Amino acid sequence: MTVTDCRMYEAKYPEVDDVVMVQVKNIAEMGAYVALLEYNNIEGMILLSELSRRRIRSISSLIKVGRQEPVMVLRVDRDKGYIDLSKRRVSEEDVAGCDERYNKSKLVHSIMRHVAETMEADLEDLYAHVAWPLYRKYGHAFEAFKLIVTDPDSVLNTLTKEVKETKEDGTEATKTVPAMSEEVKDALVKNIRRRMTPQPLKIRADIELKCFQFDGVLHIMEAMRKAEGEGTEECPVKIKLVAPPLYVLTTQTLDKDLGISVLENAIKACTKEIEKHKGKLTVKEAPRAVSERDDRLLAETMRKLDEANAEVDGDRDSEDEEEMGMGEVDVEGGAGIQEQ
C-alpha cells in the first residue's frame, strides 16, 4: 500500500442501510459498477432493479459513467468483497446528509493525504493514530479540525500511540508516545489552518438611485452616507457608483445572514433619505453573497465604462445630462460633483 492509499473511516466496509458516496465506473446489463469513494474506491454494484422506483426506459437517463451518486448499502459480503447498493431507496434527506458528510470527509482526507505526501509518512498510520481517534471523539474529524485552527494543542496533544522498544536485556516493552512527531504535527496544523480558516464573504446589492430635484446630486450623496452609516465594525458598508443611476452596496463578513441584514438596513436608510427629497431608490438585485467571478465582472464593467467616459468630450448638452439623471460623482472621495 502506498502512502496515499487509505479509506476515510476506520471501518473497512460500510454497514447495511448506510448511505455512501460512489462514482459510477461502468454500466453493464446487470446494473452499474461503482467505486465507494469513502472506502478507498472498493467496488460495489447498483443492481438494475435498484436504479429507480419507476419503470426503466433508458439506463443512461438514470445514471452516467463518472457521475457521483449517494446510494444505500443493501448487502455486504466481507469474505467475497461484494457490496450491493441501491439508488432508488435513497431519500432527499439521505442525499443531503450524505453530501454534507462526504464533503467534510473529502476535505479531511485531502489534508491528511497532503501531510503524508509532504512529510513522507504512511497515510494509513496517520489515519490510525490521528484522524480515526478524532472521528471517535468528535463524531467527525472535520469538527476537530475546526478546533485545531485556533487551539491545536488542546486537540492534538491528547493523541498518543503505543510503540514497542527493546531493552538492554533483550526484552520488549510497550511505550506510549505522541501520535506524531512535532514536524508532522506542525505540517498538519499549517495545512488545517490554510484550508479551514474561515474566509470573509462578500455581500452585494445593486440599486438604482435617482433624484431630479434641485441639488439632486447632493441629496443622493447624503442618502449614500446614510446607507454607509448602517455599517458596523464587523460589517462595514461601502457604496460605489457604477454608472448613473446604478450603484452597488457591499460588505464583507464571516456571517452571511448578518451581512445580508446589514445591507437590507442600509437600503432602507438610503430609501428613507432620498424619498425626503422626492427621489427614488429601486433595488435591481437584492443583497446576496457573490463570488470572486462576480467581483471581476463588476470591475471589468466599471473599467470599460471609465474608458468609454474618457473618450467622450467633456462638454455635454443639458438633454444628455437630464437623461443620466444626475452628474458625475466621486463616490470614494465624496467630491467632484458636477451640478445639473
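Just so you know, we're using full-length UniProt numbering here: the sequence shown kicks off at 1 and counts up by one. Built from N, CA and C at the ideal position, the CB exists for glycine as well. It should be emphasised that the depicted structure is a prediction, and the values quoted were computed from it without experimental measurement.
| Item | Value |
| --- | --- |
| Cβ separation of residue 104 and residue 142, assumed to be a contact under 8 Å, to the nearest whole Å | 4 Å |
| Contact with chain C by residue 236, beta-carbon distance below 9 Å | In the structure shown, chain C cannot be found, because there is only a single protein chain. |
| Candidates 111, 114, 28, of which the one nearest residue 63 by Cα | 28 |
| Length at least 4, wholly inside the region 185-229: the alpha helix (DSSP H) runs in chain order | 216-229 |
| Alpha helix (DSSP H) segments (min. 4 residues) lying fully within the region 47-120 | 92-119 |
| Validate contact between the region 174-192 and the region 261-270 using beta carbons, cut 8 Å, 3 pairs | no |
| Which of helix, strand or coil DSSP assigns to residue 168 | coil |
| For residue 296, the three-state DSSP class (helix, strand or coil) | helix |
| Residue 272 (DSSP reduced to helix, strand or coil) | helix |
| Residues sharing a beta bridge with residue 178, DSSP | 160 |
| Residue 15 - partner residues in DSSP beta bridges | Note: residue 15 sits in no beta bridge, so no partner. |
| Validate contact between the region 190-204 and the region 111-120 using beta carbons, cut 8 Å, 3 pairs | yes |
| Option nearest residue 22 by Cα separation, candidates 202, 39, 6 | 39 |
| Cα-Cα separation between residue 183 and residue 119, rounded to whole angstroms | 8 Å |
| Other residues of its chain near residue 83: CB distance less than 6 Å, five sequence neighbours each side excluded | 44, 76 |
| Alpha carbon of residue 231 to alpha carbon of residue 274, nearest angstrom | 18 Å |
| Where residue 50 falls, given that 16 or more other Cβ within 10 Å makes a residue buried | buried |
| Contact belief for residue 210 with residue 269 at Cβ below 8 Å, rounded distance in angstroms | Residue 210 to residue 269, Cβ: 17 Å. No contact. |
| Of the residues 164, 66, 168, 135, the one placed nearest residue 155, counting alpha carbons only | 135 |
| Proximity winner among 7, 18, 86, 42, relative to residue 31 (alpha-carbon distances) | 86 |
| Classification of residue 216 by the beta-carbon crowding that lies within 10 angstroms, buried from 16 upward | buried |
| For residue 246 and residue 53, the rounded distance between their alpha carbons | 51 Å |
| 6 Å Cβ shell around residue 332 - same chain, five flanking residues per side excluded | Any reading at residue 332 must be qualified, since the residue scores a pLDDT of 45, below 50, and its modelled position is unreliable; no value is offered. |
| Residue 253 versus residue 296 - alpha carbon distance | 19 Å |
| Contacts around residue 187, its chain only, beta-carbon distance under 7 Å, and the 5 residues preceding and following it disregarded | 115, 118, 119 |
| Where residue 302 falls: helix, strand or coil (DSSP) | helix |
| Residue 233 in three-state terms, based on DSSP | coil |
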